[in-house]
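Asks: Dumping the structure here so I can ask a few things about it.
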Amino acid sequence: MDNIRVRLIIEGRVQGVWFRESTRREAERLGVHGWVRNRRDGSVEVVAEGPEENVRKLVTWCHHGPPSARVTRVHETPELFQGEFVSFEVEYS
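Going from the sequence shown to this note's numbering is simple: count from 1 and add 89.
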C-alpha cells in the first residue's frame, strides 16, 4: 500500500467543539501521522500522512468530525509524501 500526504482545510462550526482533539484520536486509531490546528479564519487545518487507505478514512471522518461539529466544506490538497512525522499532534498557536 502506498503512503500519501494530504492537507485539509475544514470549514463550518469546527472550533470550540473538540474537533482538533477528536481528529488526533481518530488519526492515532488509524495509524496516520501529522498535525491539526485552528486557523484564524475559524477553519481547521490538517496535514496527514500514512498508508493511503488510512489517510482516506481520516479524510472521510473529517467531512463530519465529532458530533458537536457542523462541517460545511472540506478543501483537500494532495502533497508529496515526506514521512516527516512520527505521531499525530494538535498544534496550538
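Every residue gets a Cβ at the ideal spot worked out from N, C-alpha and C, and that includes glycine.
Can the beta-carbon of residue 113 be found less than 7 Å from the beta-carbon of residue 160?
Replies: Looking up residue 113 in the sequence shown gives position 24. Looking up residue 160 in the sequence shown gives position 71. In this structure, residue 160 does not lie closer than 7 Å to residue 113 by Cβ.
Asks: Return the bridge partner residues of residue 167 from the DSSP annotation.
Replies: Translated into positions along the sequence shown, residue 167 becomes position 78. Paired residue(s): 95.
Asks: Does the Cβ-Cβ distance between residue 93 and residue 134 come in under 7 Å?
Replies: As a first step, residue 93 is located in the sequence shown; it is residue number 4 there, counting from the start. As a first step, residue 134 is located in the sequence shown; it is residue number 45 there, counting from the start. Taking 7 Å as the Cβ cut-off, residue 93 and residue 134 do not qualify as a contacting pair.
Asks: So residue 136 and residue 120 are supposed to be a Cβ contact under 8 Å. How far apart are they, rounded?
Replies: Sequence index remark: in the sequence shown, residue 136 carries index 47 (1-based). Sequence index remark: in the sequence shown, residue 120 carries index 31 (1-based). Contact flag wrong, Cβ pair sits at about 16 Å.
Asks: Excluding the 5 residues preceding and the 5 following residue 128 in the sequence, name in chain order all residues of the same chain whose CB lies nearer than 8 Å to its CB.
Replies: The sequence position of residue 128 within the sequence shown is 39, counting from 1. Cβ neighbours of residue 128 beyond the five flanking positions: 98 and 134.
Asks: Using the Cα positions of residue 167 and residue 111, report the straight-line distance between them to the nearest angstrom.
Replies: Position 78 of the sequence shown, counting from 1, holds the residue named residue 167. Position 22 of the sequence shown, counting from 1, holds the residue named residue 111. Looking at the two C-alpha atoms, the distance is approximately 22 Å.
Asks: Just the Cα atoms here: how many angstroms apart are residue 91 and residue 146?
Replies: As a first step, residue 91 must be located in the sequence shown, where it is residue number 2. As a first step, residue 146 must be located in the sequence shown, where it is residue number 57. If you take the alpha carbons of residue 91 and residue 146, they lie about 14 Å apart.
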